[in-house]
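First the structure, in the form of structure tokens, and then the observations on it.
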Amino acid sequence: MKPRDVMSGWGRILSGRQPNLSIEITRECPLKCPGCYAYGEDHLGGGVVLRELSDFKGQELIDGVLNL
Numbered sequence: 155m156k157p158r159d160v161m162s163g164w165g166r167i168l169s170g171r172q173p174n175l176s177i178e179i180t181r182e183c184p185l186k187c188p189g190c191y192a193y194g195e196d197h198l199g200g201g202v203v204l205r206e207l208s209d210f211k212g213q214e215l216i217d218g219v220l221n222l
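Laid out in structure tokens, this is it:
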């Protein structure tokens, strides 16, 4: 990301446009992308890896996201 990207984004926000928000709602990923960092040792800051965390499914996942 370059400084102009940040400035452009803030310019749109300050002019009244709503920003997009993207959240990751599940740790499962069907892809096997080369170089993917998500399951790496340091992705979550060390001490725990993504595969060790609990994951909600079905209605429990939907309710959890809506409660955010």
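Each residue of the sequence shown is one higher than the last, beginning at 155 in our numbering.
Ideal placement from N, C-alpha and C gives every residue a C-beta, glycine not left out.
Item                                                                                    : Value
Tell whether a beta-carbon distance below 8 Å holds between ARG181 and ASP217.          : no
Give the DSSP-derived three-state secondary structure of GLU182 in the structure shown. : coil
Hey, would you say TYR191 sits closer than 8 Å to ARG205, going by beta carbons?        : no
According to DSSP, is MET161 part of a helix, a strand, or is it coil?                  : helix
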